[in-house]
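Chemist: Protein chains in written order, with numbering that gives the first Met the number 0: chain P, 0 to 342; chain Z, 0 to 179.
Note that CB positions come from ideal geometry on N, CA and C, so glycine has one too.
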Amino acid sequence: MDETIAEFIRRTILKIPMSEMMTVLEAWNFLSESQLQTLNLRQRKDSLAQSVVLLCEEKCASLSDAALLDIVCEDLDLFDIEQFKSSFKKILQRALRNVTVSFRDAEENAVWIRIAWGTQYTKPNQYKPTYVVYYSHTPYAFTSSSRLKSNIPLLGQALTVASKHHQIVKMDLRSRYLDSLKAIVFKQYNQNFEIHNPTAPLQERSVGLDINTDSRIIHENAVEKDKVQRITQETFGDYPQPRLEFAQYKFWKAAMLTTTPQTPTQSLQFHNRFLETKFKSDLNGGILADREEPLRCLIKFSSPHLLEALKSLAPAGIADAPLSPLLTCIPSRGMNYFKIRDK
Amino acid sequence: MSVLRPLDKLPGLNTATVLLVGADDALLQQLADSMLKTDCASELRVHLARSLPLPSNVNRPRVDLLVFVINLHSKYSLQSVEKSLHHVDASFFLGKACFLATGAGRENLCSVHRNTVVRLAHTYRSPVLFCDLEVEGSRAAMAQRLARMLQISAGHVPGVSAMSLLSLLRSSESPSLEDL
């Protein structure tokens, strides 16, 4: 065997992570079973690489065999998925004797998983499954909301271990549209479609020259309108927004309030830039008097298409531009459920 | 000091100009279109503004009638009008200004109480008109009414002045308004 081939094989082996070593060598299908059994996976990688090279010399590996090893390494991901699936299934089955786990491979390295949950004593409920989509090239998985809340930690654990990660974090991002979640999480929402239509910007700007507008109508604040359009475009871009239905803000006001008899109304102002919220109570103070626990306030925005609605607020004259950053940060921060402590 | 004054310019021949002030662009545009469709002997001009003061570098005709459009569905709309009122000369409120509140019909969407607008109009001693600008029929009727008011304010109707129209409108207000 050529020196160069030996070196090439050695370097290729060094690139393979130890956890995948056996899988790759088996898939390569060049070394025999008996040969593979002689390999000690507990030794250091350099020594392992040397052992592999020696075995290859025994079998007179050619350049094409070495090239095949290289290809198998590149194709590592295919085996990752199978390993992930079996590992995931094993973890769930070990924890709950009764569980149905099914997989479906989809495009873009997506694995769709369906889990029907049972317990040690009851059969899996096929009518309330949880669906998970795991993108194996990314550290992200999307799950459907499960009504059986007790299984969520187990699901998280199974995903973490099977995908060889250390921990799992739940993002505060929820929507009914998987594509929109993907667009936000993979940061693909801000891609402009290149449409070459040079007349389009002109139509937006020349407010008075529109053929539909009577020349007897004059828009006085054209400059201001343009500014609003510009700010809106800078904030939201030209592209279609990802689709979300809700944005929820939980506020805590931790300050203690004391009532004085002369002032029956207490006013609490949460985040002046966002929403001015006033709480009025009767003469004796009601819920606001001498309060020790923090005051909590939940504000929920809902819409069939929340981000498009927010985008249209300023141009429609319903709100000032620029909008509060708490609203506009939703796609860039990848969250639509917020917890805010007001000090 | 960019305050809007009613008599700082000479009038145009047979021309009457109305300035619609309101935050809701789409509604203003629709109202303007409806007004221009009315059958009117005078030549109408409609200016639309989101808020006052108006940009000062523009050459514009004398404003004969000032209409503040408040969308009862939007608090922002009310706030915008309240801010704009500070840039209007007091003499406009002698019959050359009025308030228009839209959207009272759909009560579940209203975030501004109609009494708020009534009180505001009362403070400025000007009439308040209610309609639904989103409904074609209501809008057309209001457009016609405004066109007529505009003609009077511009002095195109002999024997009736803006002031006399104002007192005519005022007498039809219910006495309980004084209690507000």
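1. Is the Cβ of glutamate 222/P closer than 9 Å to any Cβ of chain Z?
2. Just to confirm before moving on: does the CB-CB distance between serine 83/Z and glycine 316/P stay below 9 Å?
3. What residues are listed by DSSP as bridge partners for aspartate 104/P?
4. Specify the secondary structure class of lysine 127/P as computed by DSSP and reduced to three states.
5. With a threshold of 9 Å between beta-carbons, can serine 50/Z be considered close to chain P, or not?
6. Quick one: does aspartate 319/P have its CB under 9 Å from some CB of chain Z?
7. Looking only at its own chain, which residues have a Cβ that is under 6 Å from the Cβ of alanine 65/P, when we skip the five neighbours before and after it?
8. From glutamine 42/P to alanine 115/P, what does the alpha carbon distance come to, in whole angstroms?
9. With distance defined between alpha-carbon atoms, name the residue in Tyr238/P, Phe245/P and Phe87/P nearest to lysine 163/P.
10. Based on DSSP bridge pairs, tell me the residues matched to tryptophan 27/P.
11. Would valine 116/Z and leucine 168/Z qualify as a contact pair, given that the criterion is a beta-carbon distance under 9 Å?
12. Residues of chain P with a CB under 8 Å from the CB of alanine 22/Z: which are they?
13. Looking at C-alpha atoms only, which residue of Thr14/Z, Asp7/Z, Lys36/Z and Ala15/Z is the closest neighbour of glutamate 135/Z?
14. Kindly give me the distance between the Cβ atoms of proline 303/P and glutamate 244/P, rounded to whole angstroms, as I take these residues to be in contact under 8 Å.
15. What residue does the beta strand (DSSP E) around tyrosine 139/P start on, and which one ends it?
16. Can you list, in chain order, the residues of its chain with a C-beta nearer than 6 Å to that of valine 131/P? Leave out the 5 residues immediately preceding and following it.
17. State whether the segment 178-188 of chain P contacts the segment 117-125 of chain P, with contact taken as three or more CB pairs (one from each stretch) at a distance under 8 Å.
18. Would DSSP call histidine 121/Z helix, strand or coil?
19. Of all the options Asp88/Z, Pro54/Z and Lys74/Z, which has the alpha carbon lying nearest to the alpha carbon of leucine 200/Z?
20. Listing by chain order, which chain P residues have their CB less than 7 Å from the CB of serine 73/Z?
21. So for phenylalanine 7/P, helix, strand or coil by DSSP?
22. Below 9 Å between beta carbons: does that hold for leucine 53/Z and serine 90/Z?
23. Determine which residues share a DSSP beta bridge with serine 68/Z and list them.
24. For glutamine 247/P, which residues of its own chain have a beta-carbon under 6 Å away from its beta-carbon, when the five flanking residues on both sides are left out?
25. Which same chain residues end up closer than 7 Å to arginine 146/P when comparing Cβ atoms and leaving out the 5 residues on each side of it in sequence?
26. Does histidine 218/P pass the burial test, meaning 16 or more other C-beta atoms within 10 Å, or should it be called exposed?
27. Can you give the Cα-Cα distance for isoleucine 339/P and leucine 93/Z, rounded to whole angstroms?
28. By Cβ distance, which residues of its chain are closer than 7 Å to serine 50/P, with the 5 residues on each side in sequence left out?
29. Would you mind sorting alanine 25/Z into buried or exposed? The rule is 16 or more other CB atoms within 10 Å of its CB.
30. Where cysteine 328/P and serine 61/P are concerned, what is the direct C-alpha to C-alpha distance, given to the nearest angstrom?
31. Just to confirm my understanding: we take glutamate 42/Z, look at its own chain, exclude 5 residues before and 5 after, and list those with CB closer than 6 Å. What are they?
32. Write down every uninterrupted run of the beta strand (DSSP E) in the segment 5-93 of chain Z whose length is 3 residues or greater and which is fully enclosed by it, in chain order.
33. For a contact defined as C-beta to C-beta under 8 Å, what are the partners of alanine 31/Z on chain P?
34. Considering leucine 67/P, what are the terminal residues of the alpha helix (DSSP H) in which it resides?
35. Under DSSP, the alpha helix (DSSP H) around leucine 158/P begins and ends at which residues?
36. Can you tell me whether DSSP reads lysine 310/P as helix, strand or coil?
Modeler: This is what the structure gives:
1. Here residue 222/P turns out to be valine, not glutamate, going by the sequence shown. With 9 Å as the cut-off, valine 222/P counts as an interface residue toward chain Z.
2. Not a contact, by the Cβ cut-off of 9 Å.
3. Paired residue(s): Val110/P.
4. Residue state, collapsed to three classes: coil.
5. Yes, its Cβ sits closer than 9 Å to a Cβ of chain P.
6. Aspartate 319/P counts as touching chain Z.
7. Counting only Cβ-Cβ distances below 6 Å, and skipping sequence neighbours, we find Ile4, Phe7 and Ile8.
8. When rounded, the distance between both Cα atoms is 42 Å.
9. Looking at the Cα atoms, Phe87/P is the closest of the given residues.
10. Tryptophan 27/P is not bridged to any residue.
11. No, the pair does not count as a contact, with Cβ atoms beyond the cut-off.
12. The answer, in chain order, is Gly316 and Ile317.
13. Out of Thr14/Z, Asp7/Z, Lys36/Z and Ala15/Z, the CA that lies nearest to the CA of glutamate 135/Z is found in Lys36/Z.
14. Their Cβ separation, rounded to whole angstroms, is 7 Å, which keeps proline 303/P and glutamate 244/P in contact under 8 Å.
15. Per DSSP, tyrosine 139/P belongs to the beta strand (DSSP E) from 139-142.
16. So the list reads Ile112, Ala140 and Thr142, once near-sequence residues are dropped.
17. Touching, no, given that fewer than three Cβ pairs across the two stretches are closer than 8 Å.
18. The answer is helix: DSSP assigns histidine 121/Z an H, G or I state.
19. With chain Z covering only 0 through 179, there is no way to say anything about residue 200/Z.
20. Per Cβ cutoff of 7 Å: Ile317.
21. Helix, per DSSP.
22. No.
23. The sequence given here has valine at residue 68/Z, not serine. Answer by DSSP bridge pairing, in chain order: Leu99/Z.
24. Here the set comprises Lys299 and Tyr336.
25. Closer than 7 Å at the Cβ level, and outside the excluded window around arginine 146/P, lie Lys127.
26. It counts as buried.
27. Roughly 50 Å between the two C-alpha positions.
28. Hits under 7 Å: Leu38.
29. Burial call: exposed.
30. Using only the alpha carbons, I get a separation of about 57 Å.
31. Once the five neighbours on either side are set aside, the close Cβ partners of glutamate 42/Z are Asn13 and Thr14.
32. If one requires a minimum length of 3 residues, the beta strand (DSSP E) runs lying completely within the segment 5-93 of chain Z are 14-20, 42-48 and 64-70, in chain order.
33. Asp213 and Ile216, listed in chain order.
34. Unbroken alpha helix (DSSP H) run through leucine 67/P: 62-73.
35. Looking at the DSSP string, the run of the alpha helix (DSSP H) that includes leucine 158/P is 151-161.
36. Correct three-state label for lysine 310/P: helix.
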